[in-house]
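Quick note: the sequence shown uses my numbering, first residue 3, plus one each step.
Note that beta-carbon positions come from the ideal geometry of N, C-alpha and C, so glycine has one too.
On a predicted model such as this, the values are computed, not experimentally measured, just so you know.
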Amino acid sequence: MRVAIIGQGYVGLTIALGAASAGHSVVGFDVNDGLVDQLNAGKSHIEGITDKDLGSFIASSSYMASADASVLNGSDVIVIAVPTPLDAQRNPDLSFVHAAADLIEKNVKSPALIVNESTSYPGTLRNEIAVRITGVNHLYASSPERVDPGNSEWGTKNTPRLIGGLTPAAVAKAKEFYGSFCDSIIEVSSPEVAEAAKIFENTFRQVNIALVNEFAQIADALDISGREVLDAAATKPYGFMPFNPGPGVGGHCIPVDPSYLAHVANQVGVPATFIKRANEVNLAMPAYVVKRVVAGADGSIKGKKVVVVGVSYKSNVADTRETPAAAIIDLLREQGVTVTWHDDLVGSWRGETSSSLAGADIALIVTKHDGVDLAAIKACGYVFDCTGTIAGVDGI
Ligand SMILES: NC(=O)c1ccc[n+]([C@@H]2O[C@H](COP(=O)([O-])OP(=O)(O)OC[C@H]3O[C@@H](n4cnc5c(N)ncnc54)[C@H](O)[C@@H]3O)[C@@H](O)[C@H]2O)c1
């Protein structure tokens, strides 16, 4: 099939190469010219896709990137994989999805299967995409992306894929396409079910992470080890699923997607109080971490040098979107502390560059990448670990 993927970020590039590996002829369209040039030069910008893999798909002409929207015309399948962030009021911002639909409306003159993989609330495919595209009788399906960047066990091939279409013909075509490079396809009765399943999965994580974050605070106040309690609870072979406490949630999904569900819930008169409370707890974790660091460093950190270790939102990825490290650093600086950060994967961020671990009075570990220098961390006077992976130091 001729396949076009709109958006060549984490999701779009991953799907593009998944489809290329199945023998489809794939063009990755992106509005970012610099990214398009970089991809065509064989340089991958995401973990999990090596330059070597990208280069081999380019060399075999099964993949190319383009910033020219005319490449969309003549595609058998067009996949939308664009950002779905929150606006300044933390409401869904569908402007990228609308822009993608408008590009299709303007450029695509022959019928195609149009699939939305971008995460959004139920009704997006039907009411925000399909209605904007007139004049051509396209097929429409929703197949929300579940990729977990950096996860070497679960990828595009073996993560079961949900598909819901506006018509049986759309479902059949989507199954044919995704079935060519995904092991397991799960058909659901409508695009709305697929869309809602995706945001409920992430809401489930958000709420459980908030619960365990609240529990970590309760356990500390009771002077018992929250992590030991969680390990003990996890020995129950049924009815319990362990989640880890941490400094807050980051990335493009967990802090964002539940607010898409809350938005539509509010529209239909259901208050979605779990989501609201979970957001409050998770967003308050950076302040709790700073409070614990102050207490652990004998009640005052003024004038001290703090190095924040790991500023991406999770280990072994360079993604800093919505990372709790940002709030932690800002709160520390408000207290008159000299703060540097160390993250070899991120390198530069917010106009600053990664510093060495040497010379700090306090090391505050937000995210621990493989290979970070533990001896250098332990050489700092006081260590506070948000990851629960360094024995014998303070933390959550
Ligand atoms: N990153 C993840 O782990 C993940 C996992 C599952 C689902 N998702 C969802 O997938 C969607 C995409 O996320 P992502 O992480 O790939 O985002 P991203 O920011 O990594 O990439 C999005 C890309 O889309 C491009 N873009 C924006 N507007 C465009 C347009 N009109 N036409 C063409 N390209 C355009 C941007 O330049 C960017 O390169 C979001 O809805 C997200 O919630 C992300």
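Could you tell me whether any non-hydrogen atom of ligand 1 is closer than 8 Å to the CB of residue i?
i, result
"Asp39", "no"
"Thr86", "yes"
"Thr161", "no"
"Asn75", "no"
"Thr322", "no"
"Arg92", "no"
"Leu105", "yes"
"Pro151", "yes"
"His254", "yes"
"Thr340", "no"
"Ala143", "no"
"Ala6", "no"
"Asn121", "Reading off the sequence shown, one finds Thr at residue 121, where the question assumed Asn. Yes, since a heavy atom of ligand 1 falls inside the 8 Å radius drawn around the Cβ of Thr121."
"Pro124", "no"
"Val29", "no"
"Asn34", "yes"
"Glu147", "yes"
"Gly9", "yes"
"Ala83", "yes"
"Ala102", "yes"
"Val251", "no"
"Phe98", "yes"
"Val270", "no"
"Val190", "no"
"Lys348", "It is Val, not Lys, that sits at residue 348 in the sequence shown. False, no ligand heavy atom lies under 8 Å from that Cβ."
"Val258", "yes"
From the options, pick the residue whose C-alpha is nearest to that of residue i; which is it?
i, options, result
"Gln40", "Ala24, Gln10 and His26", "Gln10"
"Pro87", "Asn160, Pro260 and Asp150", "Pro260"
"Val348", "Val341, Thr340, His371 and Ala362", "His371"
"Val5", "Ile277, Val33, Cys388 and Met66", "Met66"
"Leu37", "Leu115, Asn153, Ala83 and Ala69", "Ala69"
"Cys388", "Ala280, Ala378, Gly305 and Leu366", "Leu366"
"Cys382", "Gly338, Leu96, Thr391 and Ala299", "Ala299"
"Asp35", "Val173, Ala71, Ala24 and Ala21", "Ala71"
"Ser356", "Ala320, Glu324 and Leu334", "Ala320"
"Val114", "Gln91, Ile60, Ala176 and Leu334", "The amino acid at residue 114 is misidentified as Val; the sequence shows Ala. Nearest C-alpha to Ala114: Ala176."
"Val313", "Phe202, Gly14, Ser350 and Asp104", "Ser350"
"Ala22", "Ala43, Ile51 and Ser191", "Ile51"
"Ser120", "Pro85, His140 and Ser154", "Pro85"
"Leu417", "Ile330, Val310 and Lys238", "Here the chain has residues from 3 to 398 only, and residue 417 is not among them."
"Ala198", "Arg148, Thr237, Lys159 and Gly390", "Arg148"
"Phe59", "Gly30, Val81 and Leu19", "Leu19"
"Asn210", "Asp225, Leu232 and Ala223", "Leu232"
"Ala447", "Asn109, Val117, Pro239 and Pro273", "With the chain represented from 3 up to 398, any question about residue 447 goes unanswered, as that position is not in the structure."
Going by the beta-carbon positions, is the gap between residue i and residue j smaller than 9 Å?
i, j, result
"Pro244", "Ala235", "yes"
"Pro170", "Ile48", "no"
"Thr369", "Ser302", "no"
"Pro257", "Met287", "no"
"Pro94", "His265", "yes"
"Val79", "His26", "yes"
"Gly14", "Asp32", "yes"
"Asn204", "Val283", "no"
"Ala218", "Asn281", "no"
"Thr275", "Val308", "no"
"Gln208", "Ile131", "no"
"Lys441", "Asp363", "Residue 441 lies beyond the residue range present for the chain, which begins at 3 and ends at 398; the question has no answer from this structure."
"Val173", "Gly167", "yes"
Could you name the residues of the same chain whose beta carbon sits closer than 7 Å to that of residue i, not counting the 5 residues immediately before and after it, in chain order?
i, result
"Glu107", "Arg134, Ile135 and Thr136"
"Tyr290", "Gln219"
"Gly76", "Arg4 and Ser112"
Tell me which residues share the same chain as residue i and place their Cβ nearer than 6 Å to its Cβ, disregarding the 5 neighbours each side in the sequence.
i, result
"Gly241", "none"
"Ser186", "Pro162"
"Asp345", "Gly312, Val313 and Ser356"
"Arg229", "Gly390"
"Leu105", "Ala71"
Looking only at its own chain, which residues have a Cβ that is under 8 Å from the Cβ of residue i, when we skip the five neighbours before and after it?
i, result
"Glu324", "Val251, Gly252, Gly253, His254, Pro257, Val258 and Tyr315"
Please indicate yes or no: does the CB of residue i lie closer than 8 Å to some heavy atom of ligand 3?
i, result
"Tyr12", "Ligands present in the displayed structure are limited to ligand 1, and ligand 3 is not among them."
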